[in-house]
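In this note's numbering, the protein residues as written are 813 to 1263.
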C-alpha cells in the first residue's frame, strides 16, 4: 500500500485530471490537438502507475486498444496520416484518463474525490454559461471562453458541444435532488439550485438536438424509475416543483423555442443533414472495410458533393463533415473499427446497468443519472459530430470510468444476507461464538472494489 503522503498526491492529481478535463486550454499546435492543461496531472498519474502498489491494469483493452491499433494501421492508407495520428492520440488520451480513474480509485474517499471534481467542474461551467446568458460575453478568453453572439458556449469550442456536456451530468443532479435522501435537506436544495442554473445554461445554448435528447432521456429515466422505487412524498413534491418551473419557463420562452425550430435559417441547417447523411453512406459504401482514416472525412467529400447539389443546398455547403457521430466513425474507421466502437458502448451500458442494481441508494441514483446522461449524449450524437471533440471524449471516458467503478462496488444487501453460524456450545458455562466478518459501520468497505 502507498504511504499516506503518496496517496494524497495521487488524489490531488486525480482531482486535477477530472476537474481540468473539460477545458480546451493548452498548447494547440496541430489539428485541434496538442498539449492540454489536463495532460499535466495525467502525465504524473501515469508515472505513479509504475509503482508496484498500484497494480495498474488495462481494462477493456480488446475493444479500446483494438480500436487504436486498427485506426492507426488503416490510417497508413489515408490521404493525410498526420490527421489520423492526431485523432488517434486524442482517443488514446481519453482512454488513459479512463484507466487512471479506475486504477487510482480504491476506496470511498477516492470515489468522493472523483465525484466532487466532476461536480466542481460542472458547477463552474454551468455558472459561466448562466452568466453569459444573463450578461453576455464575459471576456474570460484566458480560460478558453469564446463569443457566440446570442448563444452561450461556456469554455467549449461550440454551443452544441457545451450543450452536450450539460445534458451529460444534468440527470445526475436530478437524481440527487429528487430521488436521493440526503442527511441534510440543504444538500437537496443545493443540487436543485445547480440543476436550475445548468438548465438555464442549456436553454441559452439554443441547441435543439441537446434539448430533445435530454427531454427524451429524462422521460425514459422516469419510466424506468416507476418500476424501481416507491414515489414517496419528497419525490412527488420535488418532481412537482421541477415540472411547474419547467412549464413556466416553457411558456415564457415559447417564442424563442419556436424560433429555433421554425426560423428559416434553422430549418435550412436541419434540412442539410439529409444530403450530408447520403454523402456519408456513399462514402461508407466505397470504403466499408478500412474507412477513409480518422479525421480524413472532409478530404473526400468533394468526390460526392457535386452529385448531391440541389436548389436548396449548394456545393460548398455539402463539403462539411456529416452531422452524425456514428456515420462519421463508420466512414472513417470502417466496419471493423465501428464494431469495436459499438463494443465499447455496450460495455458502458452493461456496467452501468449493474451499478443501478446496487442497493446503496447513492450508487444506484448516481449510476442511473450517468446512464441517462450517456443515453442523452448518444442520441445527440445522431444529430452532430460532437463525439469526436476532444473535450467530449475526455468527459465521456472519465464518466465511463466512474460507472465502471460503481459496477464493482459491493452490494450492502448481499453482504447483509451472509449466513451467521449459530453458537457452538462446548460447556454449559462457556459459549463460543464464531466471529462473523462484520462490515464497518462507516460504509467504507462498501466502496472497496471487488477484485
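Think of the CB as a built atom: it goes at the ideal place given N, C-alpha and C, for glycine as much as any other residue. As the structure is a prediction and not an experimental result, all values here were calculated from the model.
Local Cβ density within 10 Å of residue 1192, reported as buried at 16 or more and exposed below that: When all chains shown are included, residue 1192 counts as buried.
DSSP-derived helix/strand/coil call for residue 1021: DSSP places residue 1021 in the helix class (H, G or I) of the three-state scheme.
Where residue 1108 falls: helix, strand or coil (DSSP): Three-state DSSP puts residue 1108 in coil, outside helix and strand.
Backbone CA spacing between residue 928 and residue 1116 [nearest angstrom]: Each residue's Cα considered, the two are about 47 Å apart.
Residue of 884, 894, 872 and 827 minimising C-alpha distance to residue 844: Residue 894 is the option with its Cα nearest to residue 844.
For residue 845, the residue or residues it bridges with in DSSP: For residue 845, which the question treats as bridged, DSSP gives the partners 842.
Exposed unless 16 or more other CB atoms sit within 10 angstroms - verdict on residue 841: So residue 841 counts as exposed.
Unbroken alpha helix (DSSP H) run spanning residue 1206, endpoints: Where residue 1206 is concerned, the enclosing alpha helix (DSSP H) stretches over 1202 to 1219.
Local conformation of residue 1036 per DSSP, three classes: Residue 1036 falls in the helix class under three-state DSSP.
As assigned by DSSP and simplified to three states, the class of residue 892: For residue 892, the secondary structure class from DSSP, reduced to helix, strand or coil, is coil.
Buried/exposed call for residue 1099, threshold 16 Cβ in 10 Å: Around the beta carbon of residue 1099, 16 or more other beta carbons lie within 10 angstroms, which makes this residue buried.
Residue 1193, DSSP secondary structure in three states: It is helical.
Alpha carbon of residue 825 to alpha carbon of residue 850, nearest angstrom: Cα to Cα, residue 825 sits roughly 10 Å from residue 850.
From 1224, 1158, 1144 and 1082, residue whose alpha carbon lies closest to that of residue 1125: When each option's Cα is compared against that of residue 1125, the closest is 1082.
Alpha-carbon spacing of residue 990 relative to residue 1052, whole angstroms: Near 10 Å, if we compare the C-alpha coordinates of residue 1052 and residue 990.
7 Å CB neighbourhood of residue 1212 in its chain, flanking five on each side removed: Excluding sequence neighbours, residue 1212 sits near 910 and 1160.
Residue 912 and residue 829 closer than 9 Å at C-beta: Yes; because the gap between Cβ atoms is below 9 Å, this pair is in contact.
Spatial neighbours of residue 1163 in its chain, beta-carbon cut-off 6 Å, leaving aside the 5 residues before and after: Cβ contact annotation for residue 1163 (same chain, cutoff 6 Å, sequence separation greater than five): 1215, 1216 and 1219, in chain order.
Collapsed DSSP secondary structure at residue 963 in the structure displayed: Three-state result, residue 963: strand.
DSSP three-state assignment for residue 886, whether helix, strand or coil: In the displayed model, residue 886 falls within a helix according to three-state DSSP.
Straight-line Cα distance separating residue 1223 from residue 821: Residue 821 and residue 1223: Cα-Cα distance of roughly 29 Å.
For residue 952, the three-state DSSP class (helix, strand or coil): In this structure, residue 952 counts as coil in the three-state DSSP scheme.
Cβ-Cβ separation, residue 1017 to residue 963 (assumed contact under 8 Å), whole Å: Correct: roughly 6 Å between the Cβ atoms.
Proximal residues to residue 1210 (C-beta, below 7 Å), its chain only, five neighbours per side dropped: Cβ within range, chain order: 830, 833, 909, 910 and 913.
For residue 1090, the first and last residue of its enclosing alpha helix (DSSP H): For residue 1090, the enclosing alpha helix (DSSP H) stretches over residues 1085 to 1098.
Residue span of the alpha helix (DSSP H) that contains residue 822, given as start and end: Segment 816 to 832, the alpha helix (DSSP H) holding residue 822.
Which of helix, strand or coil DSSP assigns to residue 1113: Per DSSP, reduced to three states, the secondary structure at residue 1113 is coil, with no helix or strand assignment.
Spatially closest choice to residue 1180 from 982, 1105, 1154 and 933, by CA coordinates: Residue 982 holds the alpha-carbon nearest to the alpha-carbon of residue 1180 among 982, 1105, 1154 and 933.
Chain-order list of residues whose beta-carbon lies under 8 Å from that of residue 979 (same chain, five-residue window excluded): Here the set comprises 1014, 1022, 1025, 1026, 1029, 1185, 1188, 1189 and 1192.
Own chain residues within Cβ distance below 7 Å of residue 976, not counting five before or after: Contacts found: 1022, 1189, 1192, 1198 and 1204.
Cβ neighbours of residue 891 in the same chain (closer than 8 Å, five flanking residues each side left out): Closer than 8 Å at the Cβ level, and outside the excluded window around residue 891, lie 1104, 1105, 1108, 1111 and 1112.
Inter-stretch contact at 8 Å, needing at least 3 Cβ pairs: the region 1148 to 1158 / the region 871 to 881: Because the criterion of three Cβ pairs below 8 Å is met, the region 1148 to 1158 and the region 871 to 881 touch.
Three-state class that DSSP yields for residue 916 in the structure shown: If DSSP states are grouped into helix, strand and coil, residue 916 belongs with coil.
Buried or exposed by the 16-neighbour rule on C-beta atoms within 10 Å, applied to residue 827: In summary, residue 827 is buried, with 16 or more beta-carbon neighbours lying within 10 Å of its beta-carbon over all protein chains present.
Residue 1136 (DSSP reduced to helix, strand or coil): Note: residue 1136 maps to coil in three-state DSSP.
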